[in-house]
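The opening residue of the sequence shown carries number 353 in the working numbering; numbering runs sequentially from there.
Where is the CB? At the ideal position from N, CA and C, for every residue including glycine.
Notes to accompany the following structure.
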Amino acid sequence: MTRGALAERMRLAAFVAGQGWRLLLAHLPGLPLSLGRVSIPVPERLLIAPQDLRTGDATRASEIYAGRFAFAGKIALLDGRTPFELEPPSHEWAQTLHGFGWLRHLRAASTTIARANARAIVGDWIRNPGEARAIAAEPEVTARRIISWLTQAPFILQDADHEFYRRFMRSLARQVRHLRRSAIAAPDGYPRLISTIALVFAGLCMSDQSRLLKVSQRRLEEELDRQILPDGGIITRNPDSLIALLLDLLPLRHAFAARNQPAPQALMNAIDRMMPMLRFFRHGDGAFAHFHGMGHTAADQLATILAYDDARGAPVANAPHSGFQRLDAKGSVLIADTGVAPP
């Protein structure tokens, strides 16, 4: 073996030994999350539609219909084009666009025009698949798009013709196949967890997906046990991830019930651990402590989640696994970061 060949092998070994192994595996054709074969046929129908706990705003539907797409602090005007033809004003704007979470605003309007607009935009995306764009193909974005389409399917597909219905189903199956291969490349924390959650949703909602559900459910159990700490925190130590994850984990629990299937114990345990941590990170005014990327607190989303908290107990004072401490006395709250930097 030449020195050059040996050096190349050593570089490859170092790459695989580090984080690069995830990206390498993600680009191997047909490699699913479980490293085993999983067939994902085009579903004949959707069995259930998940709940959407995020609040829709009907006024935003009017803006979207007028060609004004305001996401992530940036505004883009269509001027007769589809949103997918635009140069994105920011990476975050493009992630939101291709994630389709904004479909909930059109559903909140609940008008024939809003439904036709939603179907037209989804149809534009299907005709020019966004997976060809790097941002749209990111595991986290693909996962959000799959969940959004499943959640809003009753709204989108109402009165749709058979051709659109079949194109919608084929596109969903294609996106699930893509996520099945790429999810392993998602970083720890919210991106990895939401990718796995989306695959479980797909297994529950799409017909003829028993194998996908079995494999994805097992992987979700592993990820929840690994990433949700015993005190209810997450390994990235970002409080915002708790809110974002619960907005999907709670509907996922409901989806298992809707299919008359027992929810995985790991899912139930994770929710039970995470709920008290929501109260732990809240200041007296209801806002969340700003640690490790936490931004503005969406009060409506937080209130929705806390409505599902049956225990409604006082927050704990010590979160040793997450690395936070809380002092609460006479109306004053101090939350301190006493842990190490997240991985």
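Distance between V394 and L531, taken at the CA atoms: about 15 Å.
According to the DSSP assignment, I427 belongs to the beta strand (DSSP E) that extends over K426 to L429. Restricting attention to L564, A596, Q579 and A428, the CA atom closest to the CA of P694 is found in Q579.
Under DSSP, D689 forms a beta bridge with F676. With three or more CB-CB distances shorter than 8 Å, the segment 454-462 counts as touching the segment 404-413. Under a 10 Å Cβ-count criterion, Y542 is classified as buried, with 16 or more other Cβ atoms of the shown protein chains found around its own Cβ. Straight through space, the alpha carbons of L619 and G691 are spaced by roughly 26 Å. Between A428 and F436, the gap from beta carbon to beta carbon reaches 7 Å or more. Boundaries around F423 are those of the beta strand (DSSP E), R420 to F423, since no alpha helix (DSSP H) includes it.
Counting only residues of its own chain and dropping the five nearest sequence neighbours on each side, L430 has a CB closer than 6 Å to the CB of G419. Straight through space, the alpha carbons of L524 and H514 are spaced by roughly 15 Å. Between the beta-carbon of Q447 and that of I487 there is about 6 Å, and that keeps the pair under the 8 Å contact cut. Within the same chain, A401, P402 and D404 come within 7 Å of T503 by CB-CB distance, once the 5 residues on both sides are set aside.
With contacts defined by Cβ atoms closer than 7 Å, G584 and M558 do not form a contacting pair. By the Cβ criterion, the segment 488-498 is in contact with the segment 547-554, since at least three pairs of Cβ atoms, one from each stretch, lie closer than 8 Å. With a beta-carbon spacing of about 6 Å, G451 and S500 fall inside the 8 Å limit used to define contacts.
Under the three-state reduction of DSSP, S593 is assigned to helix.
For Q510, the closest of F553, I465 and S534 by C-alpha to C-alpha distance is I465. Judged by DSSP secondary structure, W454 falls outside any alpha helix (DSSP H); it is assigned neither H nor E. Restricted to the segment 550-623, the alpha helix (DSSP H) segments that are unbroken, complete and at least 4 residues in length are 562-579 and 591-610, listed in chain order. Around the beta carbon of Q617, a 10 Å sphere encloses fewer than 16 other beta carbons of the protein chains shown; the residue is thus reported as exposed.
About 4 Å separates the Cβ atoms of A641 and I687, confirming a contact at the 8 Å cut-off.
DSSP places D652 in the uninterrupted alpha helix (DSSP H) bounded by A651 to L658.
Your pair V390 and L601 does not check out as a contact, with CB atoms roughly 23 Å apart and the cut at 8 Å. Within the same chain, and ignoring the five residues on either side of A615 in sequence, the residues whose Cβ sits closer than 6 Å to its Cβ are R605 and F608.
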